[in-house]
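Chemist: In this note's numbering, the protein residues as written are 24 to 406.
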Amino acid sequence: MPIITEKQENQKQVLTLNELSKRKVVEHNSLITSIAKMDKTPLKMFELAVSCINTEEPPKDNIIYLSKAELFTFFKVDDSNKHTRFKQAIELMQKQAFFQIKEVKDKGYEMTSIVPIPTVKWNSYNDDVMIRFNQDIMPYLIELKQNFTKYALSEIMELNSKYSIILYKWLSMNYNQYEHYSNKGGRRAEQVESYRNPSISVKELREITDTVNEYKHFPHFENWILKKPLEEINAHTSFNVSYEKIKKGRSIDSIVFHIEKKRKADDNSYKLEDQAYIEGKKAKEETEKDLYTESMQSPYTKLLSENMLLFPNDFMDIKTMAGLQKNVYPLYDELKALRGLNGVKDHLSYVSSKQETYSKRNITKYLKKAIEQYLPTVKRQDL
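1) Report the rounded CA-to-CA distance for Phe280 versus Arg210, giving the unit in angstroms.
2) What span of residues does the alpha helix (DSSP H) with Ser372 cover, start to end?
3) Could you give the C-beta distance for Ser57 and Asp151, rounded to a whole number, given that I count them as a contact under 8 Å?
4) Here's the rule I'm using: 16 or more other beta-carbon atoms within 10 Å means buried, otherwise exposed. How should Asn85 be labelled?
5) Throw me the rounded Cβ distance for the Thr172 and Ser195 pair, which I believe falls under 8 Å.
6) Where DSSP assigns a beta bridge to Lys439, which residues make up the other side?
7) Assign Asn33 to one of two classes, buried (16 or more other C-beta atoms within 10 Å of its C-beta) or exposed (fewer than that).
8) Find out if the Cβ-Cβ distance for the pair Thr234, Ile248 is shorter than 8 Å.
9) How about Ile154 and Val143: do their beta carbons lie closer than 8 Å?
10) Roughly how many whole angstroms lie between the Cα atoms of Gln111 and Pro65?
11) Taking the alpha-carbon of Leu314 as reference, which of Lys349, Pro322, Asp340 has the nearest alpha-carbon?
12) Since I believe Ile188 is in contact with Lys67 (beta carbons under 8 Å), could you give me their beta-carbon distance rounded to a whole number of angstroms?
13) Within 10 angstroms of its Cβ, does Met61 collect 16 or more other Cβ (buried), or is it exposed?
14) Report yes if the C-beta distance between Ser177 and Leu43 is below 8 Å; otherwise report no.
15) Specify the secondary structure class of Phe109 as computed by DSSP and reduced to three states.
16) Mark Gly346 as exposed unless 16 or more other C-beta atoms lie within 10 angstroms of its C-beta, in which case mark it buried.
17) Starting from Leu89 and walking both ways along the alpha helix (DSSP H), at which residues does that stretch end?
18) With a CB to CB cut of under 8 Å and the five nearest residues on each side skipped, what residues in its chain are close to Asn52?
19) Under a Cβ-count criterion, where at least 16 other Cβ atoms within 10 Å of its own Cβ denotes burial, should Val225 be classed as buried or exposed?
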């Protein structure tokens, strides 16, 4: 029997790690928001198994194969006791692990409890580990035409808390929608921003983290469910996340998260590898440039400048000027049709006189709101 040297073993681990870094996990949003009745190890093992599913060609008999090398690399287990620990982890997963999935139905909601992986088979003479998924969990892993979330397996490899994993998946679900609607359209600007700054009630956060009866004292809850998990997420994933507490009366009612995406050259985020996303981003940039060019030729830009509502820095900002051309100037066209160009001038003169309420950082939003509030009045007067 050939002897495997330490160098060969290290090379094998590097190859396995490179393979794992390319894997993606795709899950239905109902599973993302379900209650994971399990601890960190079974949850991470489930995520690893899901990354092996090809949604284009679902596994026959719901079976996928892992290697022990993959498992040991994923969990960073390299001691002599690793086979015993692997066996214990499998037993723990099958004894305690299940998801409680809550889905809204016509007459209310429906709860389903599913043991995700009822069968695991391995032996002492080769590297294969057979995993058979419960048939009831498969629709949440392969029937993914809408309402699903996709993220890199490498994003959760370094997360060492069940709460970190659950919170990361929930944040990914929201941020993926932000990226989708930012590039494809179909939502109002404030709706799109709400995906990047998602809110969740403390009650719901307790439910999905399975802490309804734990950490009753809010500072303890905040420490273990928010602070520590976000420290891990910010350190080991492509997200930088902060949060604020929203009060209702004297108690904390909800949490608003603020998600920013790190942009690194070696970022493994699937969005940066997704050709459709790249093409969509290029198309959006080209559209913004065209809108910018149109805005600089518009008479409304000159009027805004004359009324001290636009400044040199604004003219240098492509997004600002493109936003005005797309969202504000068409409304000025409506006013011009009703009151002529002098009507637009009068409106901007009035807006300028009230600019103590104007936030320069949101000039497009401010001007859009002003004209949207004024136009109905003009139309009523004409009637």
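Virtual Cβ for every residue (Gly too), placed ideally from N, Cα, C.
Since we're looking at a predicted model, the values are computed, not measured.
Modeler: A quick look at the data gives this:
1) 20 Å
2) 352-376
3) The Cβ separation is near 29 Å, so there is no contact.
4) buried
5) 5 Å
6) With the chain covering 24 to 406 only, the question about residue 439 has no answer from this structure.
7) Because the pLDDT of Asn33 is 45, which lies under 50, any placement of that residue in the model is unreliable, and the question is left without a value.
8) yes
9) yes
10) 10 Å
11) Lys349
12) 7 Å
13) buried
14) yes
15) helix
16) buried
17) Element bounds for Leu89: not the alpha helix (DSSP H) but the beta strand (DSSP E), 86-90.
18) Asn170, Phe171, Thr172, Met196
19) buried
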